[in-house]
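Below is one structure, written out as structure tokens; the observations come after it.
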Amino acid sequence: FLCLPYAYLAGMPKSATSVFFEEMAKSHPLVTSNCDGLKFKEPQWWTRNAEKRSLEAYLTQTYNSESCKKGHRRWLSAPGSSSSPYSKRFLSPLTQVAQSPGKIFMDGSVQLFWEPSLHGTVRHDILPPDVLRLVQPNARIIAILRDPTMRLWSEFTWFKGGGSSASVFANRSLRGMQLLERCHCTEIPCSPSNIQGIYRGESLVQGGEDCSSSGTTKSAIDKSRVAYGTRVWIGLYWVYAVEWLKVFPADQILLVETNSVWNNLPSTLARIHSFLGLPSKDDVHLPSQSASAPTLFASRTTPSATSFASKVKSGASSTMTYDTEVLLRRFYDPFNQALADLTGDRSFLWPAVPPPKRKEKSE
Numbered sequence: 001f002l003c004l005p006y007a008y009l010a011g012m013p014k015s016a017t018s019v020f021f022e023e024m025a026k027s028h029p030l031v032t033s034n035c036d037g038l039k040f041k042e043p044q045w046w047t048r049n050a051e052k053r054s055l056e057a058y059l060t061q062t063y064n065s066e067s068c069k070k071g072h073r074r075w076l077s078a079p080g081s082s083s084s085p086y087s088k089r090f091l092s093p094l095t096q097v098a099q100s101p102g103k104i105f106m107d108g109s110v111q112l113f114w115e116p117s118l119h120g121t122v123r124h125d126i127l128p129p130d131v132l133r134l135v136q137p138n139a140r141i142i143a144i145l146r147d148p149t150m151r152l153w154s155e156f157t158w159f160k161g162g163g164s165s166a167s168v169f170a171n172r173s174l175r176g177m178q179l180l181e182r183c184h185c186t187e188i189p190c191s192p193s194n195i196q197g198i199y200r201g202e203s204l205v206q207g208g209e210d211c212s213s214s215g216t217t218k219s220a221i222d223k224s225r226v227a228y229g230t231r232v233w234i235g236l237y238w239v240y241a242v243e244w245l246k247v248f249p250a251d252q253i254l255l256v257e258t259n260s261v262w263n264n265l266p267s268t269l270a271r272i273h274s275f276l277g278l279p280s281k282d283d284v285h286l287p288s289q290s291a292s293a294p295t296l297f298a299s300r301t302t303p304s305a306t307s308f309a310s311k312v313k314s315g316a317s318s319t320m321t322y323d324t325e326v327l328l329r330r331f332y333d334p335f336n337q338a339l340a341d342l343t344g345d346r347s348f349l350w351p352a353v354p355p356p357k358r359k360e361k362s363e
């Protein structure tokens, strides 16, 4: 028995998605935990791993009984291989769905919303939403969007282990912005009206050696990933939202601002339950065997608003230089404005300028 996840937590990295994924698994009796909980949150099959593993292996590895086990992650080998049974901490998602067809489970691969690669290759003309819509037209897409300036800094400190200085971040972010402007924008500054080839397509409007490698056209995204170490383009949420909305109906995509989630978690979870078509929790009556199956997260207490705030504010603006924050906020602001207009959600209007200038700490 195999089936696809019903919902995809498709974005964005460093936006407290792991905490949210955990809360969703505890929030409703019809939402199941994945095998080994957060260890299997991001199988990354649609964007990165399909060439390495079949669809059957993706579903079995992440959601099937034989690979739900205790203690450590196990990736299935090539299609056709088998895995030995392991002791299980809970009934697997697929087992629970088989017992109670109304149950759902989620794929939490937060690269899905923004990464243009499909099955480990970049086609430029065919994107993950195109294929997902074809394979699973009823899928529900959720993306949690964080202030892009804060998201970028948080990601930088995460990957660098806190060991790189604000000046390194400033230099790499500036070069990343310049590369995007030079390779993907018909005018400077970049704006929603003049940007090209960030997600769909590969047109490099001005070219130059930074926009190509070994004579082969290469996107600024790939170049800045390798050379500059800050993924500035991930924060261009409007670019990705437009493409997803070309493929999926608006009522199958839910974009949520990070702070809106944590400021009122119960209300947000109820909103997402409604978006997923789940009935009220009080109306759910499960078979006794399914109802008694423990989840990996059942014993954990709901985090407080304070812990949520600390998660969201890791890498606060006081740790990057004021001038860097000014540049980043100016760069992102036109795209934030366009996203708010597209969705009608004003919570995406993150500050266009930093707070009044603070005293800088010495490097």
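The opening position of the sequence shown corresponds to residue 1 in the UniProt record's numbering, with each subsequent residue numbered one higher. C-beta atoms are modelled at their ideal positions from N, C-alpha and C, and glycine is treated no differently. In this text, all values refer to a predicted model and were calculated from it rather than measured experimentally.
(message) Quick check: Ala-340 and Phe-331, are their CB atoms within less than 9 Å of each other?
(response) To locate residue 340, count along the sequence shown from 1; it is residue 340. To locate residue 331, count along the sequence shown from 1; it is residue 331. For Ala-340 and Phe-331, no; Cβs fall outside 9 Å.
(message) Please list the terminal residues of the continuous alpha helix (DSSP H) segment that includes Val-239.
(response) Within the sequence shown, residue 239 is the residue found at index 239, counting from 1. Segment 237-247, the alpha helix (DSSP H) holding Val-239.
(request) In angstroms with no decimal places, state the Cα-to-Cα distance between Gly-201 and Phe-105. (result) Numbered from 1 along the sequence shown, position 201 holds the residue referred to as residue 201. Numbered from 1 along the sequence shown, position 105 holds the residue referred to as residue 105. When rounded, the distance between both Cα atoms is 32 Å.
(request) Counting only runs of 4+ residues fully inside the stretch 5-29, write out the alpha helix (DSSP H) ranges in chain order. (result) 17-27
(request) Go ahead and label Leu-134 buried or exposed: buried means 16 or more other beta carbons lie within 10 angstroms of its beta carbon, across all protein chains shown. (result) As a working note, residue 134 is residue 134 in the sequence shown. With fewer than 16 other Cβ atoms within 10 Å, it is exposed.
(request) With a 10 Å radius around its C-beta and 16 neighbouring C-beta atoms as the bar for buried, classify Trp-262 as buried or exposed. (result) The residue given as residue 262 occupies position 262 in the sequence shown. Buried, by the Cβ-count rule.
(request) Could you tell me whether the Cβ atoms of Ala-139 and Leu-255 are closer together than 9 Å? (result) The residue labelled residue 139 in the question sits at position 139 within the sequence shown. The residue labelled residue 255 in the question sits at position 255 within the sequence shown. Annotated as distal: Ala-139 and Leu-255, with beta-carbon spacing of 9 Å or more.
(request) Answer yes or no: do Ala-10 and Val-110 have a C-beta to C-beta separation smaller than 9 Å? (result) Looking up residue 10 in the sequence shown gives position 10. Looking up residue 110 in the sequence shown gives position 110. Yes.
(request) Kindly provide the ranges of any alpha helix (DSSP H) runs that are 4 or more residues long and lie completely inside the stretch 100-171, ordered along the chain. (result) 128-135, 148-159
(message) Using only the alpha-carbon positions, how far apart do Gln-136 and Ser-164 sit?
(response) Residue mapping note: residue 136 aligns to position 136 of the sequence shown, counting from 1. Residue mapping note: residue 164 aligns to position 164 of the sequence shown, counting from 1. For Gln-136 and Ser-164, the gap between their C-alpha atoms comes out near 42 Å.
(request) State the CB to CB distance for the pair Leu-127 and Glu-243, rounded to an integer number of angstroms; the pair is presumed to be in contact (CB under 8 Å). (result) As a first step, residue 127 is located in the sequence shown; it is residue number 127 there, counting from the start. As a first step, residue 243 is located in the sequence shown; it is residue number 243 there, counting from the start. Right, their Cβ atoms sit about 6 Å apart.
(request) Below 8 Å on the Cβ atoms is my guess for Val-239 versus Ser-173; work out the distance and round it to an integer in Å. (result) Numbered from 1 along the sequence shown, position 239 holds the residue referred to as residue 239. Numbered from 1 along the sequence shown, position 173 holds the residue referred to as residue 173. Not quite, the Cβ-Cβ distance comes to about 18 Å (not below 8 Å), so this is no contact.
(message) Rounding to the nearest angstrom, what Cα-Cα distance links Leu-245 and Cys-3 in this structure?
(response) Working through the sequence shown from its first residue, we reach residue 245 at position 245. Working through the sequence shown from its first residue, we reach residue 3 at position 3. Going from the Cα of Leu-245 to the Cα of Cys-3 covers about 24 Å.
(request) Assign Asn-336 to buried or exposed, taking buried as 16 or more other Cβ atoms, counted over all protein chains shown, within 10 Å of its Cβ. (result) For the purposes of this step, residue 336 is taken as residue 336 along the sequence shown, with counting starting at 1. Buried, by the Cβ-count rule.
(message) Tell me the DSSP secondary structure of Glu-56 in three-state form.
(response) Working through the sequence shown from its first residue, we reach residue 56 at position 56. Here Glu-56 sits in helix by DSSP.
(message) Going by C-alpha to C-alpha distance, which of Phe-21, Ile-198, Ala-270 sits closest to Asp-125?
(response) The residue you call residue 125 lines up with position 125 of the sequence shown. Residue Ile-198 is the option with its Cα nearest to Asp-125.
(message) Within 10 Å of its beta-carbon, does Val-353 have 16 or more other beta-carbons around it, so buried, or fewer, so exposed?
(response) Here residue 353 corresponds to residue number 353 of the sequence shown, with the count starting at 1. Val-353 should be labelled exposed.
(message) In the DSSP assignment, the beta strand (DSSP E) including Glu-257 goes from what residue to what residue?
(response) The residue labelled residue 257 in the question sits at position 257 within the sequence shown. Unbroken beta strand (DSSP E) run through Glu-257: 253-257.
(request) Can you have a look at Asp-147 and say buried or exposed, based on whether 16 or more other CB atoms are within 10 angstroms of its CB? (result) In the sequence shown, residue 147 corresponds to position 147, counting from 1. Asp-147 is buried by the Cβ-count criterion.
(request) Locate the alpha helix (DSSP H) running through Val-325, then write down its first and last residues. (result) Here the question's residue 325 lines up with position 325 in the sequence shown. The sequence given here places Glu at residue 325; Val does not occur at that position. Taken as a continuous stretch (DSSP letters only), the alpha helix (DSSP H) holding Glu-325 covers 322-343.
(message) Checking 9 Å against the spacing of the C-beta atoms, do Thr-321 and Ser-167 come in under that value?
(response) Start at 1 with the first residue of the sequence shown, and residue 321 comes out as number 321. Start at 1 with the first residue of the sequence shown, and residue 167 comes out as number 167. Yes, these two residues count as a Cβ contact at 9 Å.
(request) Check each candidate in His-184, Ile-141, Gly-235 and name the one with the smallest Cα separation from Asp-107. (result) To locate residue 107, count along the sequence shown from 1; it is residue 107. For Asp-107, the nearest C-alpha among the options comes from Ile-141.
(request) Can you say whether Lys-281 is buried or exposed, counting buried as having 16 or more other CB atoms within 10 angstroms of its CB? (result) Position 281 of the sequence shown, counted from the first residue, corresponds to residue 281. So Lys-281 counts as exposed.
(request) Note down, in chain order, each residue of its chain lying with its Cβ closer than 8 Å to the Cβ of Tyr-58, except the 5 sequence neighbours on either side. (result) As a first step, residue 58 must be located in the sequence shown, where it is residue number 58. Within the same chain, Tyr-58 has close Cβ partners Pro-43, Trp-45, Asn-49, Ala-50.
(request) Compare the beta carbon distance of Trp-114 and Met-12 with 9 Å and say whether it is the shorter of the two. (result) Here residue 114 is taken as the residue at index 114 of the sequence shown, counted from 1. Here residue 12 is taken as the residue at index 12 of the sequence shown, counted from 1. Taking 9 Å as the Cβ cut-off, Trp-114 and Met-12 qualify as a contacting pair.
(request) Whole angstroms is fine: what's the gap from Phe-156's alpha carbon to Asp-283's? (result) Numbered from its first residue, the sequence shown carries residue 156 at position 156. Numbered from its first residue, the sequence shown carries residue 283 at position 283. Taking the straight line from one Cα to the other gives about 44 Å.
(message) Assuming Val-247 and Pro-129 are in contact, meaning their beta carbons sit under 8 Å apart, how far apart are those beta carbons, in whole angstroms?
(response) Within the sequence shown, numbered from 1, the residue matching residue 247 stands at position 247. Within the sequence shown, numbered from 1, the residue matching residue 129 stands at position 129. Going by Cβ atoms, the distance from Val-247 to Pro-129 rounds to 4 Å, so yes, they are a contact pair.
(message) Could you tell me the alpha carbon to alpha carbon distance between Glu-23 and Ala-270, rounded to whole angstroms?
(response) Residue 23 sits at position 23 when you count from the first residue of the sequence shown. Residue 270 sits at position 270 when you count from the first residue of the sequence shown. Whole-angstrom Cα-Cα distance: 12 Å.
(request) Taking all protein chains shown into account, decide if Glu-56 is buried (16 or more other Cβ within 10 angstroms of its Cβ) or exposed. (result) Translated into the one-based positions of the sequence shown, residue 56 becomes position 56. Glu-56 should be labelled exposed.
(message) Check for me: the alpha helix (DSSP H) holding Ala-270 runs from which residue to which?
(response) Sequence index remark: in the sequence shown, residue 270 carries index 270 (1-based). Taken as a continuous stretch (DSSP letters only), the alpha helix (DSSP H) holding Ala-270 covers 265-275.
(request) Find out if the Cβ-Cβ distance for the pair Pro-351, Pro-192 is shorter than 9 Å. (result) Along the sequence shown, read from residue 1 onward, the residue named residue 351 stands at position 351. Along the sequence shown, read from residue 1 onward, the residue named residue 192 stands at position 192. Contact annotation: Pro-351 and Pro-192 have beta-carbon atoms that are not nearer than 9 Å.
(request) Answer with buried or exposed for Pro-116, where buried requires no fewer than 16 other C-beta atoms within 10 angstroms of its C-beta. (result) For the purposes of this step, residue 116 is identified with residue 116 of the sequence shown, where counting begins at 1. When all chains shown are included, Pro-116 counts as buried.
(request) Take Thr-268 and list the residues in its own chain whose beta-carbon comes closer than 7 Å to its own, dropping the five residues that flank it on each side. (result) In the sequence shown, residue 268 corresponds to position 268, counting from 1. Excluding positions up to five away in sequence, the list reads Val-256, Ser-260, Val-261.
(request) Measure the C-alpha to C-alpha separation of Arg-151 and Phe-275 and round it to an integer number of angstroms. (result) Counting from one through the sequence shown, the residue named residue 151 turns up at place 151. Counting from one through the sequence shown, the residue named residue 275 turns up at place 275. Near 25 Å, if we compare the C-alpha coordinates of Phe-275 and Arg-151.
(message) Looking at the strands, I want to know which residues DSSP matches up with Ile-188.
(response) Counting from one through the sequence shown, the residue named residue 188 turns up at place 188. Note: Ile-188 sits in no beta bridge, so no partner.
(message) Per the DSSP calculation, Ile-195 is bridged to which residue(s)?
(response) One-based indexing of the sequence shown puts residue 195 at position 195. Cys-185, per the DSSP bridge assignment.
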